[in-house]
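First the structure, in the form of structure tokens, and then the observations on it.
Below, the structure is given as structure tokens:
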């Protein structure tokens, strides 16, 4: 029998934006704006995308890395949304149907003199060494960077 393993990881990232809180919040709430920064990197191409941004709502972001490449799927549920203040959601990541992880994420938006401070905290459980938590941290850091040109 193959050994089964769970790896737990918690991390926090902060990013400052030169934009008001309401504009940063909309980068998560508005499907057209979110698509500008949340889609995968080249050569990733979308297969299915849906955003129902409300408490109890769901988000799907599925795509393929190049022709014949692996298919990744983000499947999330929003648990709490306080406009212009915080977003709490959980999500599952899969690649080619295999569950890599399940995570709980909170995003807190704080006004600053220069704009907005975003604080993201994520607690994840990773299955059977299918993904390295350090890769998730780097991926989330890159995603937060991609918001800047959309809101600033």
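Numbering (the numbering used here), first residue to last: 534 to 685. For each residue, glycine too, the CB sits at the ideal point set by N, CA and C. Because the structure is a prediction, the values reported are computed rather than measured.
- Contact between residue 682 and residue 540 is absent: CB atoms are separated by about 33 angstroms, not below the 8 angstroms threshold.
- Under DSSP, residue 608 shares a beta bridge with 593, 625.
- Spatial neighbours of residue 556 in its own chain (CB-CB distance under 6 angstroms, excluding positions within 5 residues in sequence) are listed in chain order as 684.
- Sequence-distant partners of residue 663 (beyond 5 residues in either direction) whose C-beta falls short of 7 angstroms from its own C-beta, in its chain, are 631, 633.
- Counting the other CB atoms within 10 Å of its CB gives residue 538 a total below 16, which places it among the exposed residues.
- Cα atoms of residue 554 and residue 536: separation of roughly 46 angstroms, rounded to the nearest angstrom.
- Taking 4 residues as the shortest admissible run, the segment 543-589 contains the following complete alpha helix (DSSP H) segments, listed from N- to C-terminal end: 554-562, 564-571.
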